[in-house]
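> Structure below; questions to follow.
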Amino acid sequence: WSHEMVELCGKYSSDGVVGLDLAGGKVGYKEDANLPHIKAFQDAQRLGVHRTIHAGEVGGPEIVEEAVTEMHAERIGHGYHVLDDEDLYQRLKKEGMHFE
1 WSHEMVELCG
11 KYSSDGVVGL
21 DLAGGKVGYK
31 EDANLPHIKA
41 FQDAQRLGVH
51 RTIHAGEVGG
61 PEIVEEAVTE
71 MHAERIGHGY
81 HVLDDEDLYQ
91 RLKKEGMHFE
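Just so we're aligned: 57 in UniProt numbering is position 57 of the sequence shown, and the numbers increase by one with no gaps anywhere.
Dropping the structure here:
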């Protein structure tokens, strides 16, 4: 379903749709069930659709890192566990990552 959402975001971008958000347990974590979401968010980046992913509330900082590097998240919902990885925290701070 995430690919269909990306297509709708692209289709209706001139009508005020500006982005999409993905929330869930281990969102972005490299499990087979999440591969369609990863591909969809990569497609969203190519279409210029803004991307928010809720990551790092459940699981470790590697989930936040994957949301940013694999899924090209521009905003991270929660992201608490990024504080468990000082290097990742400093990198995202330097890049101006928005945490909500």
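Positions of the beta carbon are idealized from the N, C-alpha and C atoms, including for glycine.
Looking only at C-alpha atoms, which of 45, 34, 63, 39 sits nearest to residue 85?
Here residue 85 refers to the residue found at position 85 of the sequence shown. For residue 85, the nearest C-alpha among the options comes from 63.
> So residue 78 is in the beta strand (DSSP E); what residue range does that whole segment cover?
The residue labelled residue 78 in the question sits at position 78 within the sequence shown. Element bounds for residue 78: 75 to 78.
> Grab the span of the alpha helix (DSSP H) containing residue 83 for me, first residue to last.
Taking the sequence shown and counting its residues from 1, the one referred to as residue 83 is at position 83. Unbroken run through residue 83: none, as it is neither H nor E.
> Considering Cα atoms alone, identify which of 73, 22, 17, 58 is closest to residue 95.
Here residue 95 is taken as the residue at index 95 of the sequence shown, counted from 1. Of the listed residues, the one whose Cα sits closest to residue 95 is 73.
> Helix, strand or coil for residue 67 per DSSP?
The residue labelled residue 67 in the question sits at position 67 within the sequence shown. Correct three-state label for residue 67: helix.
> In the DSSP assignment, the alpha helix (DSSP H) including residue 43 goes from what residue to what residue?
Indexing the sequence shown from 1 puts residue 43 at position 43. Residue 43 -> alpha helix (DSSP H) spans 35 to 47.
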